[in-house]
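*Asks:* A single structure is presented below for examination.
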Amino acid sequence: MTVISAPAGSGKTSLLRTWAGRPDQPYRLAVIQVQRDQQDAQQFWLALLSAIRLAGATTSHAKSPAPTPEFNGPAMVGRVLSELAGGRGRVTLVIDDLHELNCPEALAQLTQLLTSLPDGVHAVLATRRDLQLRLHQLRLEGELAEIRAADLRFTEHETRELLKASGITLSDAGAALLHQRTEGWAAGLRLAAISLADHPDPERFVTEFSGSNRTVADYLLAEMLERQPDDVRDLLLRTSLLDRVNGELADLLTGRPGSERILLELEDANAFVVSLDPARTWFRYHHLFADLLRLELRRTLPEQVPALHRRAAGWFTRQGQFVDAIRHTQAAGDWPGAARLLADHSFSMTLDGQAQTIQALLQAFPPGADHPELALVRAGNDLAQGRLDETAAHLAVAGAYVESAPPDRQHRLQVAIASLKLSLARRRGHLAAVVEQAKFLASPVTGGSDEDIALDSDLRAVALMNLGIVEAWSQGLPDAERHLQEGADLARRIGRPYLEVACLAQLGFASKIHSFATTKHRCREAIALADRHGWGSEPIVAPARVTLAGTMIWTGEFDEGERELQRTSRALQTDTGPGIRLLVHMASGQLQAGRGLHHEALEEFSTAEQLRSQLEGSHALANQVTGWMLATQARAGQPAQARAALASLDNEQAGAGEVGNARAAISLAEGDPAAALGAVQDVLDGTAPVIGYVTVVETQLLAGLAHRQLGDQRSANQAAERALALAEPDRLVLPFAMTGSGELLETLPRHETAHAALLADILDVVHGSSLAAQDRSASPQPEELSPSELRVLRYLPTNLSRPEIASELSVSVNTVNTHVRNIYAKLGASDRSSAVQRARELRLLSAGLTR
Amino acid sequence: MDPAPALYVIRIRGHLGATVLYAFPAMAAQRRGADTVLTGLLDQAALYGVLAEVEALSLDLLEVRQLTAQGESPESGDSRSP
Numbered sequence: 000m001t002v003i004s005a006p007a008g009s010g011k012t013s014l015l016r017t018w019a020g021r022p023d024q025p026y027r028l029a030v031i032q033v034q035r036d037q038q039d040a041q042q043f044w045l046a047l048l049s050a051i052r053l054a055g056a057t058t059s060h061a062k063s064p065a066p067t068p069e070f071n072g073p074a075m076v077g078r079v080l081s082e083l084a085g086g087r088g089r090v091t092l093v094i095d096d097l098h099e100l101n102c103p104e105a106l107a108q109l110t111q112l113l114t115s116l117p118d119g120v121h122a123v124l125a126t127r128r129d130l131q132l133r134l135h136q137l138r139l140e141g142e143l144a145e146i147r148a149a150d151l152r153f154t155e156h157e158t159r160e161l162l163k164a165s166g167i168t169l170s171d172a173g174a175a176l177l178h179q180r181t182e183g184w185a186a187g188l189r190l191a192a193i194s195l196a197d198h199p200d201p202e203r204f205v206t207e208f209s210g211s212n213r214t215v216a217d218y219l220l221a222e223m224l225e226r227q228p229d230d231v232r233d234l235l236l237r238t239s240l241l242d243r244v245n246g247e248l249a250d251l252l253t254g255r256p257g258s259e260r261i262l263l264e265l266e267d268a269n270a271f272v273v274s275l276d277p278a279r280t281w282f283r284y285h286h287l288f289a290d291l292l293r294l295e296l297r298r299t300l301p302e303q304v305p306a307l308h309r310r311a312a313g314w315f316t317r318q319g320q321f322v323d324a325i326r327h328t329q330a331a332g333d334w335p336g337a338a339r340l341l342a343d344h345s346f347s348m349t350l351d352g353q354a355q356t357i358q359a360l361l362q363a364f365p366p367g368a369d370h371p372e373l374a375l376v377r378a379g380n381d382l383a384q385g386r387l388d389e390t391a392a393h394l395a396v397a398g399a400y401v402e403s404a405p406p407d408r409q410h411r412l413q414v415a416i417a418s419l420k421l422s423l424a425r426r427r428g429h430l431a432a433v434v435e436q437a438k439f440l441a442s443p444v445t446g447g448s449d450e451d452i453a454l455d456s457d458l459r460a461v462a463l464m465n466l467g468i469v470e471a472w473s474q475g476l477p478d479a480e481r482h483l484q485e486g487a488d489l490a491r492r493i494g495r496p497y498l499e500v501a502c503l504a505q506l507g508f509a510s511k512i513h514s515f516a517t518t519k520h521r522c523r524e525a526i527a528l529a530d531r532h533g534w535g536s537e538p539i540v541a542p543a544r545v546t547l548a549g550t551m552i553w554t555g556e557f558d559e560g561e562r563e564l565q566r567t568s569r570a571l572q573t574d575t576g577p578g579i580r581l582l583v584h585m586a587s588g589q590l591q592a593g594r595g596l597h598h599e600a601l602e603e604f605s606t607a608e609q610l611r612s613q614l615e616g617s618h619a620l621a622n623q624v625t626g627w628m629l630a631t632q633a634r635a636g637q638p639a640q641a642r643a644a645l646a647s648l649d650n651e652q653a654g655a656g657e658v659g660n661a662r663a664a665i666s667l668a669e670g671d672p673a674a675a676l677g678a679v680q681d682v683l684d685g686t687a688p689v690i691g692y693v694t695v696v697e698t699q700l701l702a703g704l705a706h707r708q709l710g711d712q713r714s715a716n717q718a719a720e721r722a723l724a725l726a727e728p729d730r731l732v733l734p735f736a737m738t739g740s741g742e743l744l745e746t747l748p749r750h751e752t753a754h755a756a757l758l759a760d761i762l763d764v765v766h767g768s769s770l771a772a773q774d775r776s777a778s779p780q781p782e783e784l785s786p787s788e789l790r791v792l793r794y795l796p797t798n799l800s801r802p803e804i805a806s807e808l809s810v811s812v813n814t815v816n817t818h819v820r821n822i823y824a825k826l827g828a829s830d831r832s833s834a835v836q837r838a839r840e841l842r843l844l845s846a847g848l849t850r
Numbered sequence: 000m001d002p003a004p005a006l007y008v009i010r011i012r013g014h015l016g017a018t019v020l021y022a023f024p025a026m027a028a029q030r031r032g033a034d035t036v037l038t039g040l041l042d043q044a045a046l047y048g049v050l051a052e053v054e055a056l057s058l059d060l061l062e063v064r065q066l067t068a069q070g071e072s073p074e075s076g077d078s079r080s081p
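Those sequence lines, one after another, are chains W and L. Residue 62 in numbering that gives the first Met the number 0 is what sits at position 63 of the first sequence, and the numbering runs on without skipping anything. Residue 72 in numbering that gives the first Met the number 0 is what sits at position 73 of the second sequence, and the numbering runs on without skipping anything.
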């Protein structure tokens with residue numbers, strides 16, 4: 000690693016540029032120049048990641064990184080490291096103006112990055128002052144090279160060379176004098192060279208310069224400005240207050256056309272003007288140069304300064320570059336105007352990942368000034384940082400203001416307030432409040448300016464997402480699906496990938512009312528989209544991951560499910576709410592229970608139960624959690640405790656099907672099968688509410704176990720068969736494992752079941768193996784099978800041979816063969832077992848569910 | 000750290016021209032030999048602001064001194080006053 004640490008004007012950037020421009024450059028370069036006063040860690044990292052991708056353009060297929068409203072520093076560092084490692088080797092990171100990074104967390108993250116660079120990756124940093132990068136280790140290992148001011152200083156010889164290269168004839172004495180006066184300072188020499196270039200008497204210039212005590216930059220800049228034509232000087236002064244300038248903007252500030260030509264000429268003359276893009280449309284001045292010009296502007300044209308800022312602000316507003324617009328509006332002293340701009344755009348700026356920029360802009364407002372619209376911005380800022388009570392307080396202030404706001408702003412403010420209230424309610428888990436705020440969703444996005452529509456779309460997408468999330472987690476899964484799908488579609492249309500991923504991830508979770516195949520597909524879709532953007536390990540995709548893990552566990556793919564759970568847990572290291580962690584513990588509990596590890600399962604379910612009690616409002620899976628916890632308690636040898644806990648439930652919970660199952664499990668553990676049968680009666684005759692059919696599978700098994708204990712083998716077999724039939728379409732394995740129904744199934748006569756293949760799989764799992772993951776990429780919807788083909792299909796899962804199937808169906812073997820061929824073709828299968836699996840996925844085998 | 004503003008004396012090498020002086024509106028400037036001495040009443044934030052300007056303009060910082068109320072620097076001899 001190389002650090003160049005030297006004051007302004009020492010030639011750091013020139014050095015970097017020259018070095019980078021070498022034709023024999025062996026490494027690919029990822030170059031960034033830190034923006035002036037960069038306080039936003041995410042913006043810094045996005046720029047660096049972009050540069051890395053640009054450098055390795057052939058290997059990375061992803062586009063420029065999308066920003067996220069919730070920035071995860073450590074995850075970002077991880078992402079950068081993996082992209083560096085994944086590239087084809089030698090990359091050099093070049094970070095210029097690192098002292099402009101006024102963000103301690105970003106510096107800490109950068110240190111992390113720099114101390115763990117992969118092999119073949121180098122870094123070059125340029126800064127004006129020594130930074131707190133804690134690179135002692137690298138220094139000790141000899142991995143750190145430093146270039147300091149003394150190294151960059153021009154020697155007398157180099158001074159003469161510079162003069163010669165600039166076409167300036169100066170005596171050796173003159174050159175020596177120049178060198179002495181400037182002390183070899185690069186900026187000084189360059190400024191001098193500009194003035195000397197067409198000076199009638201270079202020797203006299205140097206003598207006068209040498210005889211003056213004025214600071215070098217001051218003197219030479221004044222000299223340089225003096226000999227510029229009026230229009231050039233005017234342009235330089237007026238545009239000095241911009242961070243970057245193009246011809247159009249310069250024309251606007253000078254009130255004259257032709258600025259682009261001047262800027263290009265200045266760059267060609269090497270006069271501290273540098274173009275920022277290959278097309279040479281945008282330019283930047285050297286910071287020192289710009290600072291001096293700005294001071295000169297304030298000295299000579301003070302009354303122009305606010306007007307210039309205002310004009311620039313207007314231009315940036317029209318371009319949609321609101322951060323610059325707000326900064327210039329603030330600089331013009333127009334605080335109400337700046338407040339309005341910030342209030343209007345802070346929402347989309349947050350979605351653009353500029354939360355810290357917003358904070359910096361907020362802090363720039365003079366204290367004590369009363370800008371009620373800023374309350375909205377502060378509310379958004381607090382919400383982004385998880386300060387929920389402060390958010391509510393600021394929203395109250397904003398709400399009070401809306402009544403007295405100008406009529407043309409009221410709608411926008413109301414929409415913004417409602418959207419923030421909705422987000423807040425969602426964070427707190429208040430479904431009622433969420434629904435109340437979602438009233439404005441009823442009116443579609445129409446009319447208004449383009450800006451209004453864009454803002455409304457952003458707000459609407461976020462509102463849909465929040466609404467869908469709360470609905471999915473409390474109740475009303477069909478509504479949740481609708482809203483989340485709508486939200487995802489809208490987010491895709493308006494180009495908000497983060498929102499799209501968030502909606503799809505929650506949609507995966509909300510898909511549980513569909514077949515497991517649909518759920519898995521949706522979860523995988525969400526995860527794939529997240530991966531494409533590099534968010535695969537972020538909390539945002541956790542709902543999809545944990546749901547996917549859950550479905551795997553339900554279908555007996557324990558090992559794969561466990562891996563997915565581990566991935567989820569890793570992603571949830573940073574702060575997340577109790578809701579998602581509840582799911583993780585629930586799924587872990589299911590996994591352990593499926594493996595017969597009752598004590599471990601009980602621990603997980605108990606944790607889940609505790610988390611459930613922390614949630615506000617009712618939870619969709621509450622009864623499931625409670626039921627399993629009690630049942631596991633009984634199976635772990637604590638039936639008495641379970642019975643006691645059962646007694647303390649309220650009537651509504653006690654009447655749920657899941658709790659009925661628990662009651663049955665407790666009775667079975669107590670050795671009272673008759674009571675167990677009584678406990679499940681409500682579910683069997685359909686009067687008890689259940690979360691889904693999975694509960695009924697469990698119920699049938701518990702009934703079967705009870706019958707078996709009572710000696711009624713026929714009823715036991717019937718119950719087992721019913722359970723298998725229910726479980727067949729989704730290939731559920733878990734209920735059998737959790738209830739310990741191994742013996743129940745083993746005594747089921749093999750030839751009497753229509754579900755032999757599933758039965759074989761379940762017994763495999765019950766005896767300790769894990770089913771292999773069914774990796775199915777999205778296949779197209781197959782052709783419909785004819786009724787005769789369906790009849791043959793039903794026999795495929797059995798162990799009957801084709802002649803045997805033919806005799807069962809009273810047709811010829813040839814007929815059966817034809818049907819089988821067609822079945823394989825339509826299902827895209829190549830053999831019997833994959834045909835069966837595919838058919839199960841498509842729920843083609845759920846014939847005649849008996850209850 | 001005393002939050003109240005104090006009198007600071009900052010010595011820079013070279014004479015600061017009119018333009019550069021505009022960067023230090025809160026300070027009074029005096030030429031002392033080949034150097035410039037800036038004097039001003041600054042709290043800590045303002046002091047670091049001034050130092051940041053010095054860095055930004057690539058000026059040579061020679062000395063930063065805080066003066067006591069009596070106009071003497073704290074280290075000079077016996078400052079025990081009755």
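All residues carry an ideal CB built from backbone N, CA and C; glycine is no exception. All of these numbers come straight from a predicted model, not from anything done at the bench.
Count the other CB atoms, across all protein chains shown, that sit within 10 Å of the CB of leucine 419 of chain W; report buried if there are 16 or more and exposed otherwise.
*Replies:* By the neighbour-count rule (16 or more Cβ atoms within 10 Å), leucine 419 of chain W is buried.
*Asks:* Can you tell me the Cβ-Cβ gap for leucine 547 of chain W and glutamate 561 of chain W, rounded? I've got them flagged as a contact below 8 Å.
*Replies:* Contact doesn't hold; Cβ gap of about 12 Å is too wide.
*Asks:* May I ask which residues mark the beginning and end of the beta strand (DSSP E) holding leucine 143 of chain W?
*Replies:* That residue, leucine 143 of chain W, is in no beta strand (DSSP E); it is neither H nor E in DSSP.
*Asks:* Flag this pair as yes or no: are the beta carbons of alanine 17 of chain L and arginine 298 of chain W separated by less than 8 Å?
*Replies:* In contact: alanine 17 of chain L and arginine 298 of chain W (Cβ atoms closer than 8 Å).
*Asks:* Is serine 612 of chain W buried or exposed, if buried means 16 or more other CB atoms sit within 10 Å of its CB?
*Replies:* The residue in question, serine 612 of chain W, is exposed, as its Cβ has fewer than 16 Cβ neighbours within 10 Å.
*Asks:* Roughly how many angstroms separate the alpha carbons of proline 25 of chain W and histidine 285 of chain W, rounded to a whole number?
*Replies:* So the two alpha carbons sit approximately 28 Å from each other.
*Asks:* Report yes or no: is there a C-beta of chain L within less than 8 Å of the C-beta of glycine 8 of chain W?
*Replies:* Closer than 8 Å: yes.
*Asks:* For valine 273 of chain W, name the three-state secondary structure that DSSP assigns.
*Replies:* Valine 273 of chain W falls in the strand class under three-state DSSP.
*Asks:* Determine, using beta carbons only, whether arginine 226 of chain W comes closer than 8 Å to chain L.
*Replies:* No, its Cβ sits nowhere closer than 8 Å to a Cβ of chain L.
*Asks:* Which residues in chain L have a C-beta closer than 8 Å to the C-beta of tyrosine 218 of chain W? List them in chain order.
*Replies:* Gly16, listed in chain order.
*Asks:* Nearest to leucine 789 of chain W by alpha carbon, out of W/Ala192, W/Tyr497, W/Lys825 and W/Ala19?
*Replies:* That would be W/Lys825, whose Cα lies nearest to the Cα of leucine 789 of chain W.
*Asks:* What separation, rounded to the nearest whole angstrom, lies between the Cα atoms of alanine 655 of chain W and aspartate 684 of chain W?
*Replies:* C-alpha separation (whole angstroms): 13 Å.
*Asks:* Given a cut-off of 8 Å, decide if alanine 664 of chain W and leucine 610 of chain W are closer than it, judged by their beta-carbon atoms.
*Replies:* Going by C-beta atoms, leucine 610 of chain W is not nearer than 8 Å to alanine 664 of chain W.
*Asks:* Is leucine 15 of chain W closer than 8 Å to valine 90 of chain W when the C-beta atoms are compared?
*Replies:* Not in contact: valine 90 of chain W and leucine 15 of chain W (Cβ atoms no closer than 8 Å).
*Asks:* Between which two residues does the alpha helix (DSSP H) harbouring glutamine 836 of chain W extend?
*Replies:* Element bounds for glutamine 836 of chain W: 831-840.
*Asks:* Consult DSSP for aspartate 197 of chain W and reduce its assignment to one of helix, strand or coil.
*Replies:* Note: aspartate 197 of chain W maps to coil in three-state DSSP.
*Asks:* Could you check whether the Cβ of glutamate 295 of chain W sits closer than 8 Å to any Cβ belonging to chain L?
*Replies:* For glutamate 295 of chain W, the answer is yes, since a Cβ of chain L falls inside 8 Å of its Cβ.
*Asks:* In whole angstroms, give me the CA-to-CA distance for asparagine 101 of chain W and alanine 3 of chain L.
*Replies:* Cα-Cα distance, rounded: 26 Å.
*Asks:* Can you pull the chain W neighbours of tyrosine 21 of chain L, defined as C-beta to C-beta under 7 Å?
*Replies:* Near tyrosine 21 of chain L (Cβ distances below 7 Å), the residues of chain W are Leu294, Arg297 and Arg298.
*Asks:* Any idea which residues DSSP pairs leucine 41 of chain L with across the strands?
*Replies:* According to DSSP, which records beta bridges pairwise, leucine 41 of chain L is partnered with L/Ala5.
*Asks:* For glutamate 52 of chain L, which option in W/Arg237, W/Pro6 and W/Ala673 has the closest C-alpha, if you only look at C-alpha atoms?
*Replies:* With distances taken between Cα atoms, glutamate 52 of chain L lies closest to W/Pro6.
*Asks:* Quick one: list the residues of chain L neighbouring alanine 186 of chain W, beta-carbon separation under 8 Å, in chain order.
*Replies:* What alanine 186 of chain W touches in chain L: Ser57.
*Asks:* For alanine 764 of chain W, report the span of its beta strand (DSSP E) as first-last.
*Replies:* It is valine, not alanine, that sits at residue 764 of chain W in the sequence shown. Segment 755-765 is the alpha helix (DSSP H) holding valine 764 of chain W; no beta strand (DSSP E) there.
*Asks:* Strictly under 8 Å for the Cβ-Cβ distance: is glycine 48 of chain L near chain W by that measure?
*Replies:* For glycine 48 of chain L, the answer is no, since every Cβ of chain W falls outside 8 Å of its Cβ.
*Asks:* From this set, W/Asn269, W/Ser194 and W/Pro335, which residue's C-alpha is nearest leucine 224 of chain W's C-alpha?
*Replies:* Of the candidates W/Asn269, W/Ser194 and W/Pro335, the one whose C-alpha sits nearest the C-alpha of leucine 224 of chain W is W/Ser194.
*Asks:* What residue does the alpha helix (DSSP H) around threonine 12 of chain W start on, and which one ends it?
*Replies:* Here the alpha helix (DSSP H) through threonine 12 of chain W covers 11-19.
*Asks:* Can you tell which of W/Leu762, W/His598, W/His597 and W/His584 has the C-alpha that lies nearest to the C-alpha of leucine 620 of chain W?
*Replies:* Nearest of W/Leu762, W/His598, W/His597 and W/His584 to leucine 620 of chain W, Cα basis: W/His584.
*Asks:* How many angstroms separate the CA atom of arginine 310 of chain W from the CA atom of valine 272 of chain W?
*Replies:* Cα to Cα, arginine 310 of chain W sits roughly 22 Å from valine 272 of chain W.
*Asks:* Check whether the Cβ of asparagine 212 of chain W lies closer than 8 Å to any Cβ atom in chain L.
*Replies:* It does; some Cβ of chain L falls within 8 Å.
*Asks:* Compare the C-beta of alanine 44 of chain L against all C-beta atoms of chain W and say whether one is closer than 8 Å.
*Replies:* No, no contact with chain W.
*Asks:* According to the neighbour-count rule (16 or more other Cβ atoms, all chains shown, within 10 Å of its Cβ), is histidine 520 of chain W buried or exposed?
*Replies:* Buried: at least 16 other Cβ atoms inside 10 Å.
*Asks:* Would you please verify whether the beta carbon of alanine 221 of chain W is less than 8 Å from any beta carbon of chain L?
*Replies:* Yes, because at least one Cβ of chain L sits closer than 8 Å to the Cβ of alanine 221 of chain W.
*Asks:* Output the residue ranges of the beta strand (DSSP E) runs that lie fully inside the region 42-125 of chain W and measure 3 residues or longer, sorted by chain position.
*Replies:* Whole beta strand (DSSP E) segments, 3+ residues: 90-95.
*Asks:* Please check the pair aspartate 95 of chain W and valine 33 of chain W, which I expect to be a contact at CB under 8 Å, by giving their CB distance rounded to whole angstroms.
*Replies:* Right, the Cβ-Cβ distance comes to about 7 Å (below 8 Å), so this counts as a contact.
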